[in-house]
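What follows is one structure encoded as structure tokens, with my remarks underneath.
Residue numbers (this note's numbering): 8 to 158.
Dropping the structure here:
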């Protein structure tokens, strides 16, 4: 058995540490309001609630939490391998339900921190015909949009 001497971090925790240490400069935005979806494994299973929110705020965005957030967040519908299963005949997909919830917040950006979430919610905005009203961005994309020149 190998003895591990390194920490395993979610990328949002690493980015938040870099920002806090002054090693990653983020140019602040105009305070655009966004919402954030807590991924199941990062949030409920691992308690990773604050780093993504810290990054959103560090980039100058105003965060409007979803009604169901943190420990009470809602699944995107891809967990447990469901991303690969057919959902033909399903009345409403969990991802579409979540997007409807986000649309009620009057935000233009829905921020995620999980690749499955990005896939599921992008498909949901397309299925609902609201891609012109709501962008799905990963936290890393959001930060990249705001990275200070020369950082």
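Every residue gets a Cβ at the ideal spot worked out from N, C-alpha and C, and that includes glycine.
Check                                                                                                                                         : Outcome
For the alpha helix (DSSP H) that residue 18 lies in, which residues bound it at each end?                                                    : 18-27
Rounding to the nearest angstrom, what Cα-Cα distance links residue 188 and residue 45 in this structure?                                     : Residue 188 lies beyond the range of the chain shown here (8 to 158); nothing can be said about it.
Have a look at residue 127 and residue 30 and give me their C-alpha separation to the nearest angstrom.                                       : 32 Å
Mapping DSSP to helix, strand and coil, what is residue 43?                                                                                   : strand
If you compare alpha carbons, which of 36, 125 and 150 is closest to residue 141?                                                             : 125
Does DSSP put residue 133 in a helix, a strand or coil?                                                                                       : helix
I need the boundaries of the alpha helix (DSSP H) containing residue 62, first residue and last residue.                                      : 57-65
For residue 59, count neighbouring Cβ atoms within 10 angstroms of its own Cβ and tell me buried if that reaches 16, exposed if not.          : buried
Just confirm the distance between the C-beta atoms of residue 62 and residue 150, as a whole number of angstroms; I'd bet it's less than 8 Å. : 6 Å
What does the alpha-carbon distance come out to for the pair residue 113 and residue 14?                                                      : 38 Å
Is DSSP giving residue 37 helix, strand or coil here?                                                                                         : coil
Quickly, what does DSSP pair residue 144 with across the bridge? List them, please.                                                           : 118
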